[in-house]
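In numbering that gives the first Met the number 0, the protein residues as written are 0 to 265. Backbone N, C-alpha and C fix where the C-beta goes; we use that ideal spot for every residue, glycine too. These numbers come from a predicted model, not from an experiment.
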Amino acid sequence: MNLEKAFSLEGRVALVTGAAYGIGFAIAEALAGAGAKIAFNCRSQHHLDAALADYAAKGIDAKGYICDVTKEEEVAAMVGQIKEDLGPVNILVNNAGIIKRIPMHEMTVEEFRQVVDIDLNAAFIVSKAVLPDMMEARSGKIINICSMMSELGRETVSAYAAAKGGLKMLTKNIASEYGEYNIQCNGIGPGYIATPQTAPLRERQADGSRHPFDSFIIAKTPAARWGNPEDLMGPAVFLASGASDFVNGHILYVDGGILAYIGKQP
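Structure representation (structure tokens):
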């Protein structure tokens, strides 16, 4: 096997949802570095303009689209426009997501539904939109951004854990249903990653000490640190490339070892 060729994404079109910043941006940057043409979505022009400037600063000629990925009609229109602008989507990264940290008995049904709609239903909608072209080409890669909460529960994240657990099983089912078309669907399960979304959990206390949750994560992670978005770049390129053509229905946890670790004895 020519490894350089196996990992190359030259000529491929990658759609990364919610890739204006953080994990999605880092993954899009990695795919672009491997040769892919990048498309991404935002829900507002303001965020789209800011993201396009950030991509340009990295030397990436990304195409941005206004689209709410929970709306099937908007997604179909975006995928059609990407096909016209860049070509059919070969690589899809379902990254768009939110979390609401609310005790379950205090969470409204509307809040629960919003998390599931963005974190799970949107992945179904966007995958459904790109699958016909992948089936016709008999080639395609779908990467769903799962979570450790695809495996574990924790206080205040009932909706997020339910959605990410569902996304894990959607990943396995897409792999099962479309593997015969040479379409691979896998997931990446990030550990605790230092992004704007997790910034409140890492804020120093008034006395200069670590946030209690920050200390908890450091103690529970064999790597003894939070992950960085860059830690997800290599796994994303692998799962998007020909190097993973016989890897299907797998969730690759990039967590510094948390899921393998029982923790230190007190």
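Simplified DSSP state of residue i, which is helix, strand or coil
i, result
"Gln264", "coil"
"Ile216", "helix"
"Ile37", "strand"
"Lys171", "helix"
"Phe131", "First, the residue type needs correcting, since residue 131 is Pro and not Phe in the sequence shown. DSSP places Pro131 in helix when its eight states are reduced to three."
"Ala222", "coil"
"Lys4", "helix"
"Ile185", "It is worth fixing the name first, because residue 185 is Asn in this sequence and not Ile. Correct three-state label for Asn185: strand."
"Val15", "strand"
"Tyr64", "strand"
"Ile192", "strand"
"Ile59", "coil"
"Lys82", "helix"
Top-ranked residue by Cα proximity to residue i, from the options
i, options, result
"Ile141", "Gly241, Gly34, Gly21 and Lys263", "Gly241"
"Ile250", "Thr220, Pro265, Pro189 and Arg224", "Pro189"
"Ile65", "Lys57, Ala55 and Gly17", "Gly17"
"Ala55", "Lys82, Pro228 and Ala27", "Ala27"
"Trp225", "Ala239, Phe237 and Arg209", "Arg209"
"Ala19", "His46, Gly32 and His104", "His46"
"Asn227", "Tyr191, Ala239 and Ser175", "Tyr191"
"Ser126", "Glu229, Ala31, Ala239 and Leu169", "Leu169"
Beta-carbon proximity of residue i to residue j, cut-off 8 Å
i, j, result
"Ala136", "Ile117", "no"
"Ser43", "Asn89", "no"
"Ile97", "Val115", "no"
"Asn143", "Asn93", "yes"
"Asp60", "Phe24", "no"
"Val236", "Phe6", "yes"
"Thr69", "Ala128", "no"
"Gly21", "Pro221", "no"
"Lys62", "Ala158", "no"
C-alpha gap between residue i and residue j, whole angstroms
i, j, result
"Val253", "Ile216", "14 Å"
"Gln183", "Glu109", "33 Å"
"Pro102", "Glu202", "21 Å"
"Gly233", "Ala29", "7 Å"
"Asp84", "Ala205", "51 Å"
"Met77", "Leu130", "14 Å"
"Leu91", "Phe111", "25 Å"
"Asn247", "Glu3", "21 Å"
"Met133", "Tyr180", "8 Å"
"Met0", "Ile37", "26 Å"
"Thr197", "Ile81", "31 Å"
"Gln264", "Leu231", "30 Å"
"Gly58", "Ala50", "12 Å"
"Ala31", "Ala193", "22 Å"
"Tyr177", "Asp48", "36 Å"
"Ala33", "Gly255", "24 Å"
"Met106", "Pro211", "23 Å"
Residues near residue i in its chain [Cβ-Cβ closer than 7 Å; skip 5 each side]
i, result
"Lys167", "Cys145, Ser149, Gly186 and Ile250"
"Lys219", "Ile257, Tyr260 and Gly262"
"Asp67", "Arg42 and Glu73"
"Asp213", "Leu200 and Arg201"
"Val324", "With the chain covering only 0 through 265, there is no way to say anything about residue 324."
"Ala277", "Shown here, the chain extends from 0 to 265; a query on residue 277 therefore has no answer."
6 Å CB neighbourhood of residue i in its chain, flanking five on each side removed
i, result
"Leu119", "Ala162, Gly165 and Leu166"
"Ala35", "Leu8, Arg11 and Ala13"
"Ile124", "Glu71 and Val74"
"Gln160", "The sequence shown places Ala at residue 160, not Gln. Closer than 6 Å at the Cβ level, and outside the excluded window around Ala160, lie Met148 and Gly152."
"Pro87", "Asp132"
8 Å CB neighbourhood of residue i in its chain, flanking five on each side removed
i, result
"Glu154", "Pro102"
"Ser243", "Lys140, Gln183, Asn185 and Phe237"
"Ser175", "Gly248"
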